[in-house]
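Residue numbers (the numbering used here): 268 to 337.
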């Protein structure tokens, strides 16, 4: 149930800068898409810049919306 509500909320925020945390990793970047419970982010930090990363909403611990870069 939570994952469905999370996916619905994120679907309205496509293009936002986000930090998504799971038990094993953090993904920072631009929210690209939400399809069902699959969240896709374009990473924009470090050597993985431009890499697409997908995370299942079932495994998300929290999402932080980041301020745009100045």
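Using N, Cα and C, we set each Cβ at its ideal position, and we do this for glycine too.
- According to the DSSP secondary-structure assignment, residue 269 is paired through a beta bridge with no residue.
- In this structure the segment 302-317 touches the segment 269-276; the number of beta carbon pairs closer than 8 Å is three or more.
- Boundaries of the beta strand (DSSP E) around residue 302: 293-302.
- Burial of residue 287 is indicated by the presence of at least 16 other C-beta atoms within 10 angstroms of its C-beta.
- Taken through DSSP and simplified to helix, strand or coil, residue 334 comes out as coil.
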